[in-house]
Amino acid sequence: MPTLLCVHAHPDDESLFTAGITSHYAEREVRNVLITCTMGQLGFDDHGRSGADLGHDAAVTRATRAGELMRAGELVGFDRQLTLGFKDSGMMGWLANQDGDAFMNADVEATARFIADVIDQENASVVVTYDENGFYGHPDHVMAHIVTRRAVELSSCAQRLFYPVVPRSVLKSFVHQALGQGVSLPAWVQDAVADIPDELVTCAMDVSRFSARKQQAIATHASQSDNADLVTMDAELFALIFGTEYYQLGWRRDESSLACVEDLFGGLQ
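What the sequence shown shows, in the numbering used here, is residues 2 to 270, in sequence order.
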């Protein structure tokens, strides 16, 4: 059985970035494995306060998000979910960046070795995480890239590493239409407009039939109110940005031709 392994930084990233492909591959007898590096305890607590706000309750937030992650992960087709247990680093410049247990300060080699061991235990030939910019610059996303990039090198089973991306033309069209309709977008969506040229996209997968499921998975992370407008967004507009998932090849074990324009596993035995 082929195995896909996704490495994400926080609960809800698995729903926002890769829910389409995991739903797609779950129906094709591919085993989906998720590693979540932090529990996102600096996200919004039950009073709507973020980790940058006075009185924020990180313990409650962690517990809430753990439950949301488990439910959303099952919804989008993960067969196994693991967490690394690091603390959320918060946004760049937050005091939490200085915490020695924050993910951004993790021991790269030790963390990469753990991920590599999971890759090999699961015989995962395809691995997905963020690019070197962490999609929009979050320090935990950047560290997820660093440790996963090293992990595929250390592993014996990984064949390809992909990064979820949004082509410049698609993202600009989406942002223009959304703002034109008065939709309030999360900051991370607008910050990602410094995206990648269309020609750098390796794989474009039509996952539009899973758009409703993806929207439902995002809704499962109800504590994170900054995504509320994505949950209530018109289905047609939502499908414009989420109905196709785009991936850039970040690494491969050999230099053989890559037949994966519409399939991350294309050409692999």
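For glycine and all other residues, C-beta sits at the position ideal for the given N, C-alpha and C.
- Under the DSSP assignment, Pro12 falls outside any alpha helix (DSSP H); it carries neither an H nor an E label.
- Per DSSP, reduced to three states, the secondary structure at Met206 is strand.
- The beta carbon of Arg214 lies closer than 6 Å to those of Ser24 in the same chain, with the five residues before and after it left out.
- In this structure, Cys38 is the residue among Cys38, Gly78, Gly56 with its C-alpha nearest to the C-alpha of Asp89.
- Annotation note: the stretch 24-98 contains the following uninterrupted beta strand (DSSP E) runs of length 3 or greater, listed N- to C-terminal: 32-39, 81-87.
- Beta-bridge analysis with DSSP links Ala107 to no other residue.
- Residues Ile197, Tyr247, Gln249 of the same chain have their beta carbon placed closer than 6 Å to that of Val166, with the five preceding and five following residues left out of the count.
- Taking 8 Å as the upper bound for CB-CB distance, Val8 and Ile147 are not in contact here, some 11 Å apart.
- As for any beta strand (DSSP E) of minimum length 3 sitting wholly inside the stretch 223-255, the runs are 245-253, ordered along the chain.
- Around the C-beta of Thr4, 16 or more other C-beta atoms lie within 10 Å, and the residue is accordingly described as buried.
- In chain order, Ser90, Gly91, Met105, Pro140 place their CB closer than 7 Å to the CB of Asn98, counting only its own chain and leaving out the 5 sequence neighbours on each side.
- Under DSSP, Arg161 forms a beta bridge with Val127, Arg253.
- When only Cα atoms are considered, Pro187 and Pro12 end up about 16 Å apart.
- Glu237 and Asp199 have their C-alpha atoms spaced approximately 22 Å apart.
- With a cut-off of 8 Å on Cβ pairs, the stretch 169-183 is not in contact with the stretch 124-136, counting fewer than three such pairs.
- Taking a contact as a CB-CB distance under 8 Å, the pair Thr19 and Val129 counts as one, their CB atoms being some 6 Å apart.
- The residues Ala152, Leu155, in chain order, have a CB closer than 8 Å to that of Arg114 in the same chain once the five nearest residues on each side in sequence are set aside.
- For Val262, there is no enclosing alpha helix (DSSP H), since its DSSP letter is neither H nor E.
- In chain order, Asp46, Asp47 place their CB closer than 7 Å to the CB of Val61, counting only its own chain and leaving out the 5 sequence neighbours on each side.
- Residue pairing of Ile197 in beta bridges, as defined by DSSP: Pro168.
- As DSSP reads the structure, Thr221 sits in no beta bridge.
- Cα atoms of Thr112 and Gly101: separation of roughly 14 Å, rounded to the nearest angstrom.
- Residues of the same chain with a CB within less than 6 Å of the CB of Ala205, apart from the 5 flanking positions on each side, are Thr245, Tyr247 in chain order.
- Within the model, the alpha-carbon separation for Glu69 versus Ser174 is close to 31 Å.
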